[in-house]
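Working notes for the structure below.
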Amino acid sequence: MKEQQLKYTHTTQVDGDAYLALQTIGAKVPYETDYATYVENNSSVGENRALAAKVRATLSEMIVDLDTLATRYNVDFPIRGGKQFHAENESHSVAVADSTVAHTSAAHSDASDEHYAHHVQHEVALIKDHFTRLSRNTNKDLRDYAASKLDALSTLYKDAGGKEEAGGHH
């Protein structure tokens with residue numbers, strides 16, 4: 003009976019904060035993992051490739067854990083309608099005047115290289131904020147899982163150039 007009630011009413015077994023965290027993290031982690039894989043394979047800047055490898059390693063291992071937790075507490079995962087990473091115009095063939103074919107890589111530019119570390123800082127800060135909130139949740143499983151991932155997320159944030167606030171509240 004309980005199973006049917008959960009199925010038909012879309013009820014979850016977590017509070018609002020945990021639901022929001024799982025929805026937000028569940029939407030961002032797969033996207034950022036795919037984006038990191040793209041940057042790791044296509045960036046012309048070595049620092050970005052190294053950072054992307056760290057992002058991919060840190061976040062990709064969370065996907066299975068998040069799926070398990072979401073399933074256990076009846077939260078839809080992966081997030082339906084979540085944004086998926088697609089490299090735009092990965093490569094084009096352009097016909098040149100002398101009938102040769104030139105390949106261009108229009109999607110990847112120096113501008114994207116310049117901003118990747120800043121993008122990682124921003125996204126990891128959001129993910130880390132939700133993990134910080136989850137680490138104080140009333141659900142012991144979520145609290146323990148979130149607390150176990152905070153150090154890795156803090157390290158990733160610092161690697162992207164972020165500065166940790168020393169016990170400060172904003």
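Start counting the sequence shown at 3; every next residue gets the next number (the numbering used here). C-beta atoms are modelled at their ideal positions from N, C-alpha and C, and glycine is treated no differently.
*As assigned by DSSP and simplified to three states, the class of H88*: Counting from 1 along the sequence shown, the entry for residue 88 is found at position 86. Residue state, collapsed to three classes: coil.
_Among G163, Q86 and K160, the one whose alpha carbon lies nearest that of P32_ = The count along the sequence shown starts at 1 and reaches residue 32 at position 30. Measuring C-alpha to C-alpha distances from P32 to each of G163, Q86 and K160 identifies Q86 as the nearest.
*Beta-carbon gap between D19 and R135 smaller than 8 angstroms*: Within the sequence shown, the letter at position 17 stands for residue 19. Within the sequence shown, the letter at position 133 stands for residue 135. Against a cut-off of 8 angstroms, the Cβ pair of R135 and D19 comes out as a contact.
*Confirm, please, whether the CB-CB distance from K56 to I129 is below 8 angstroms.*
Here residue 129 is taken as the residue at index 127 of the sequence shown, counted from 1. Here residue 56 is taken as the residue at index 54 of the sequence shown, counted from 1. Taking 8 angstroms as the Cβ cut-off, I129 and K56 do not qualify as a contacting pair.
*Out of G28, R58 and E42, state which residue places its alpha-carbon closest to the alpha-carbon of A154.*
Here residue 154 corresponds to residue number 152 of the sequence shown, with the count starting at 1. Nearest C-alpha to A154: R58.
*If L53 sits next to V122, beta carbons under 8 angstroms apart, how far is it from one beta carbon to the other, in whole angstroms?*
Here residue 53 corresponds to residue number 51 of the sequence shown, with the count starting at 1. Here residue 122 corresponds to residue number 120 of the sequence shown, with the count starting at 1. In this structure, L53 and V122 form a Cβ contact; the two beta carbons are roughly 6 angstroms apart against a cut-off of 8 angstroms.
_Using the three-state DSSP reduction, which class does Y159 fall into: helix, strand or coil?_
Counted from its first residue, the sequence shown places residue 159 at position 157. In this structure, DSSP gives Y159 a helical state, which the three-state scheme calls helix.
_Endpoints, alpha helix (DSSP H) assigned at S62_ = Position 60 of the sequence shown holds residue 62. Unbroken alpha helix (DSSP H) run through S62: G48 to R74.
*asked:* If contact is defined by three or more beta carbon pairs under 8 angstroms, each pair taking one atom from either stretch, is the segment 147-166 in contact with the segment 38-48?
replied: Output reads no: the segment 147-166 does not touch the segment 38-48.
_Going by DSSP in three states, G164 sits in which element: helix, strand or coil?_
Counted from its first residue, the sequence shown places residue 164 at position 162. Correct three-state label for G164: coil.
*For V66, does the count of other Cβ atoms within 10 angstroms reach 16, so buried, or fall short, so exposed?*
Within the sequence shown, the letter at position 64 stands for residue 66. Exposed.
*Please name the residue, chosen from E167, G163, K142 and F133, that lies closest to M64 on a Cα-to-Cα basis.*
Residue mapping note: residue 64 aligns to position 62 of the sequence shown, counting from 1. If we check each option's Cα against that of M64, F133 comes out closest.
*By Cβ distance, which residues of its chain are closer than 6 angstroms to D69, with the 5 residues on each side in sequence left out?*
Residue mapping note: residue 69 aligns to position 67 of the sequence shown, counting from 1. F79.
_Inter-residue spacing [alpha-carbon to alpha-carbon] between T140 and A89_ = Counting from one through the sequence shown, the residue named residue 140 turns up at place 138. Counting from one through the sequence shown, the residue named residue 89 turns up at place 87. Between T140 and A89, the C-alpha separation is close to 39 angstroms.
_Pick from Y118, Y159, A119 and G163 that is closest to D131, judged by C-alpha positions_ = As a first step, residue 131 is located in the sequence shown; it is residue number 129 there, counting from the start. Distance from the Cα of D131 is smallest, within the candidate group Y118, Y159, A119 and G163, for Y159.
*Classify D19 as helix, strand or coil using the three-state DSSP reduction.*
Translated into positions along the sequence shown, residue 19 becomes position 17. It is helical.
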